[in-house]
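**Q**
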Amino acid sequence: MLEAEFRMRVFSRRRKYPRHIDFYRRDFQTGHFHCRGSDETVDVRGGGFGCFVIVFNWLREGRVLYCETIILSGRSITLTVFFRVPWENEVTVRAQQIDIYLSTRRSGSTQVTAAARAGFSERTGRRIEKGEYRKGKKARHRRTREDPFFEVWEQDLEPLLKEYPEFSAVGLLRYLQERYPGRYPDGKLRTLQRRAREWRALHGGEKEVMFRQEREMGRLGLSDFTRFDDGGITIRGERFVHCLYHFRMAFSGFRYARAVPGAENYEALAAGLREAFRRLGGVPVEHRTDSLSSAYKNLPRSEAEDITARYGALCRQYGMLATRNNRGRAHENGAIESAHGHLKRSLREALAIRGSRNFESVADYQGFIDVITENHNRRRLAAIQAERAALGPLPPNRLPEYSEVFVRVSTSSTIRVAGALYSVPSRLIGKRLRVHLYASRLECHVGARRVLDLPRVHSIEGEEEARRIDYRHLIDSLAEKPMAFHRARLRDDILPDETWRVVWRALDAHLPPRDACRLMVGALKLAADRDCEWPLGQFLLQAISVGRIPSLAELRGRFGPSVVPLAASGLEAADSRSLADMSSDIHRDRNPYLQEGNGSWVG
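Residue numbers are given in UniProt numbering: position 205 of the sequence shown equals residue 205, and the series is strictly consecutive.
#1: When the Cα atoms are used, what is the spatial distance from Tyr-180 to Val-152?
#2: Cα separation between Gly-119 and Lys-344?
#3: Quick one: what's got a C-beta closer than 8 Å to Glu-387's C-beta in the same chain, skipping five residues either side?
#4: Less than 7 Å between C-beta atoms, sequence neighbours within five positions excluded: which residues of the same chain meet that for Ser-121?
#5: Considering only their Cβ atoms, is the gap separating Cys-444 from Met-483 smaller than 7 Å?
#6: Quick check: the region 230 to 248 against the region 266 to 274, are there 3 or more CB pairs under 8 Å?
#7: Could you tell me whether the region 229 to 238 touches the region 372 to 383, using the rule of 3 or more Cβ pairs below 8 Å?
#8: What is the DSSP secondary structure of Met-320, counted as helix, strand or coil?
#9: Check each candidate in Ala-313, Thr-226, His-287 and name the one with the smallest Cα separation from Gly-262.
#10: Is it true that the CB of His-486 sits closer than 7 Å to the CB of Pro-512?
#11: Could you tell me whether the Cβ atoms of Ile-369 and Ala-350 are closer together than 7 Å?
#12: Based on Cα-Cα distance, which residue from Val-546, Ile-544, Gly-557 lies nearest to Arg-530?
#13: Per DSSP, which one or two residues make a beta bridge with Leu-452?
#14: Under the three-state reduction of DSSP, which class applies to Tyr-266: helix, strand or coil?
#15: Compare the Cα-Cα distances from Val-285 to each of Arg-278, Arg-378, Glu-360, Leu-391 and report the closest residue.
#16: If you check the beta carbons only, do Leu-552 and Gly-522 fall under 7 Å apart?
#17: Roughly how many whole angstroms lie between the Cα atoms of Ala-573 and Asn-358?
#18: Please classify Pro-535 as buried or exposed, where buried requires at least 16 neighbouring CB atoms within 10 angstroms.
#19: Tell me the residue span of the beta strand (DSSP E) that contains Phe-247.
#20: Once DSSP output is grouped into helix, strand and coil, what is the label at residue 604?
#21: Do you know offhand how far Ala-276's Cα is from Pro-395's?
#22: So for Met-8, helix, strand or coil by DSSP?
#23: Comparing alpha-carbon positions, which option in Tyr-318, Asp-290, Asp-493, Leu-490 lies nearest Gly-281?
#24: Per DSSP, Asn-358 forms a beta bridge with which residues?
#25: According to DSSP, is Val-152 part of a helix, a strand, or is it coil?
#26: Measuring straight from C-alpha to C-alpha, what distance separates Ile-469 and Thr-411?
#27: CB-CB under 6 Å to Ala-527, same chain, minus the five flanking residues each way: which ones, in chain order?
#28: For a quick check, are the C-beta atoms of Ala-259 and Tyr-422 less than 7 Å apart?
#29: So, are the CB atoms of Arg-456 and Leu-433 less than 7 Å apart?
#30: What is the DSSP secondary structure of Leu-511, counted as helix, strand or coil?
#31: With burial defined as no fewer than 16 other Cβ atoms inside 10 Å of the residue's Cβ, what is the status of Tyr-164: buried or exposed?
#32: Out of curiosity, what's the CA-to-CA distance linking Ala-201 and Arg-117?
#33: Using the three-state DSSP reduction, which class does Arg-255 fall into: helix, strand or coil?
#34: Which residue wins for smallest C-alpha separation from Leu-189, given the options Ser-168, Val-446, Ser-107?
#35: Could you name the residues of the same chain whose beta carbon sits closer than 7 Å to that of Val-409, not counting the 5 residues immediately before and after it, in chain order?
#36: Does Val-371 come out as helix, strand or coil in the three-state DSSP assignment?
Here it is, written out as structure tokens:
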């Protein structure tokens, strides 16, 4: 009887090399042969060389990879047959296992140790080292689905992209939908975006290259202004419209920030630079800005004298070189442009922790900003101290921190300075004032004498001009002609605050114009003479809220030389939260039942 010894190696349909080896010995004449790893039983009866026919059929059918060896020994034949088995039985060698094996081998371990650590056989490890295993999938060189834009790409879309390289994929799809209705639904947008992105990568124009710069110690300091309106900052409940002056050293990251009411201006730039240099302890070689209107005239490129005289003098005083980035190239100031976002994010997070965005004063808010910047500088203290050794010295003398302008007082007893309107005492009408314009205040001089200080206000782009009108400057003239108040352009600015505006709207709604103006102007005159603006305004508001209008004589009696406290009048202080509601109620309901003679409402 001829016996055949089958040495089978079980294979996967997705792998080239065997997973394990099984040894079986069966008699051809006695029956069946069972392949481990598969669910089929193969009939190998026939005896003798009939086994070769069976193996040949297996090869042809793809059930066997190949027959490796044939050994004849007497009446025995030994075949090594490589079978295919379903891939579900296979444990694949992952890319991570190959990485573990190779890294273990590089560390000096043997193949046995490396293979054991990776989780496969030593033989698999040898094949990995021969390069017979490759990580990743094979590259595909064919499409897996039909191109939906094949018919229109070359004739319609590509010419558009060549003429307008930045044409968006959304625009391209809208163009196709209008030209070929019903053929290109919105669901094709992602495919078109990929096609347009690939086209730009292969055929698009050259892009701007960024050249990273070496940062030299003590070389470059940068200044810029950034808006912070989204911070929601209020000062005593009033919205505080402002920007932030921001200075930063490029090498060490030293930072200083300053709240600037309104918009950027030279005075804020000069004051911010001085304070930043004082805290830094020295002056950099070069000071870089963008095209700040406070530092540059922004004339055409052909103009040599583009820098303003004031900014030029400031830079000469500190012995530093004034430079700026190319216009429209904000990334050239990336050392501070990107830091704007970091600064504002730190402020927002600190405000969230604080739990309130309201501050008692601008100085209180500035102190809050200083804490944030000092914490940042403390974390970079080593680099800042190293850079201080390379800084220039601070100048012994300081330039004035103000700009000097000359204005003439108009017949309206107002002056216009830096785009804002201010009232001044009427005795100065017609006089020429020399005004020292600081970042936060104005000093007005007649000749060499300082006659008036005013808080500075700032106009906001896109809004009405800023105004700072003090009723005390105008009330004497207004008391002589109270009807001028009724349609005065500055009427709402003359009134001290929202409380008085609500009172005026109530009087105007329920009294004849002449009586309303006389009562309001008389009350303002009394507030100016007796310095009782707040208690008088609260008294009027409470009286109106209960349906009564006090007479001017009553006001003079109550707020005469000795002011009667509100508590003594039986009226509590007004709730500021109801102010807006009260104002809207007055506008919504103009009561026709007011009796003009006694100054009260009747129901």
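Just so you know, even glycine gets a beta-carbon here, dropped at the ideal spot from N, CA and C. Treat the numbers as computed from the prediction; the structure is a model and nothing was measured.
**A** Answer, in terms of the structure:
#1: In the sequence shown, residue 180 corresponds to position 180, counting from 1. In the sequence shown, residue 152 corresponds to position 152, counting from 1. Straight-line Cα distance between these residues: approximately 10 Å.
#2: If you number the sequence shown from 1, residue 119 lands on position 119. If you number the sequence shown from 1, residue 344 lands on position 344. Approximately 52 Å, taken between the alpha carbons.
#3: Taking the first residue of the sequence shown as 1, we reach residue 387 at position 387. If we look at Glu-387 and ignore the five residues flanking it on each side, its Cβ neighbours are Met-217, Gly-218, Met-249, Phe-251, Ser-252, Phe-254.
#4: Residue numbering aside, residue 121 sits at position 121 when the sequence shown is read from its first letter. Only Ala-115 meet the Cβ criterion.
#5: Translated into the one-based positions of the sequence shown, residue 483 becomes position 483. Translated into the one-based positions of the sequence shown, residue 444 becomes position 444. For Met-483 and Cys-444, no; Cβs fall outside 7 Å.
#6: yes
#7: Contact check between the region 229 to 238 and the region 372 to 383: fewer than three CB pairs, one atom from each, fall below 8 Å, which does not count as touching.
#8: As a working mapping, residue 320 is identified with position 320 in the sequence shown. The answer is coil: DSSP assigns Met-320 none of H, G, I, E or B.
#9: The count along the sequence shown starts at 1 and reaches residue 262 at position 262. Measuring C-alpha to C-alpha distances from Gly-262 to each of Ala-313, Thr-226, His-287 identifies Thr-226 as the nearest.
#10: Counted from its first residue, the sequence shown places residue 512 at position 512. Counted from its first residue, the sequence shown places residue 486 at position 486. Contact flag unset, no.
#11: What you label residue 369 is simply residue 369 of the sequence shown in a count that begins at 1. What you label residue 350 is simply residue 350 of the sequence shown in a count that begins at 1. No. Outside cutoff.
#12: Within the sequence shown, residue 530 is the residue found at index 530, counting from 1. Among Val-546, Ile-544, Gly-557, the Cα nearest to that of Arg-530 belongs to Gly-557.
#13: Looking up residue 452 in the sequence shown gives position 452. DSSP output for Leu-452 lists Cys-444 as bridge partner(s).
#14: Along the sequence shown, one-based indexing puts residue 266 at 266. Residue state, collapsed to three classes: helix.
#15: The count along the sequence shown starts at 1 and reaches residue 285 at position 285. Residue Leu-391 is the option with its Cα nearest to Val-285.
#16: Counting from one through the sequence shown, the residue named residue 552 turns up at place 552. Counting from one through the sequence shown, the residue named residue 522 turns up at place 522. Contact flag set, yes.
#17: Looking up residue 573 in the sequence shown gives position 573. Looking up residue 358 in the sequence shown gives position 358. With a pLDDT of 41 at Ala-573, under the threshold of 50, the modelled position of this residue cannot be trusted; read the value that follows with caution. Here the C-alpha atom of Ala-573 lies approximately 22 Å from the C-alpha atom of Asn-358.
#18: If you number the sequence shown from 1, residue 535 lands on position 535. Pro-535 should be labelled buried.
#19: For the purposes of this step, residue 247 is taken as the residue at position 247 of the sequence shown. 242 to 249 is the extent of the beta strand (DSSP E) around Phe-247.
#20: The structure shown does not extend to residue 604, since the chain is modelled only from 1 through 603, so no value can be given for it.
#21: By 1-based counting over the sequence shown, the position of residue 276 is 276. By 1-based counting over the sequence shown, the position of residue 395 is 395. Going by the C-alpha atoms only, they are around 14 Å apart.
#22: Locating residue 8 in the sequence shown gives position 8, counting from the first residue. The predicted position of Met-8 is uncertain, since its pLDDT is 41 and thus under 50; a value taken from the coordinates is nonetheless stated next. Correct three-state label for Met-8: strand.
#23: The residue labelled residue 281 in the question sits at position 281 within the sequence shown. It is Tyr-318.
#24: Residue 358 sits at position 358 when you count from the first residue of the sequence shown. Partner(s): Thr-234.
#25: Mapped onto the sequence shown, residue 152 falls at position 152. Here Val-152 sits in coil by DSSP.
#26: What you label residue 469 is simply residue 469 of the sequence shown in a count that begins at 1. What you label residue 411 is simply residue 411 of the sequence shown in a count that begins at 1. Ile-469 and Thr-411: Cα-Cα distance of roughly 14 Å.
#27: For this step, residue 527 is matched to residue 527 along the sequence shown. For Ala-527, where only same-chain residues beyond five positions count, the Cβ hits under 6 Å are Glu-533, Leu-536.
#28: As a working note, residue 259 is residue 259 in the sequence shown. As a working note, residue 422 is residue 422 in the sequence shown. Not closer than 7 Å, so no.
#29: The sequence position of residue 456 within the sequence shown is 456, counting from 1. The sequence position of residue 433 within the sequence shown is 433, counting from 1. Not a contact, by the Cβ cut-off of 7 Å.
#30: The residue given as residue 511 occupies position 511 in the sequence shown. Here Leu-511 sits in coil by DSSP.
#31: As a first step, residue 164 must be located in the sequence shown, where it is residue number 164. Classification of Tyr-164: exposed, given that the 10 Å Cβ count is below 16.
#32: Numbered from its first residue, the sequence shown carries residue 201 at position 201. Numbered from its first residue, the sequence shown carries residue 117 at position 117. Going by the C-alpha atoms only, they are around 43 Å apart.
#33: One-based indexing of the sequence shown puts residue 255 at position 255. Arg-255 falls in the strand class under three-state DSSP.
#34: Sequence index remark: in the sequence shown, residue 189 carries index 189 (1-based). The shortest Cα separation from Leu-189 among Ser-168, Val-446, Ser-107 belongs to Ser-168.
#35: By one-based count along the sequence shown, residue 409 stands at place 409. Excluding positions up to five away in sequence, the list reads Ile-415, Val-424, Leu-428, Ile-429, Gly-430, Lys-431, Leu-433.
#36: As a working mapping, residue 371 is identified with position 371 in the sequence shown. If DSSP states are grouped into helix, strand and coil, Val-371 belongs with the helices.
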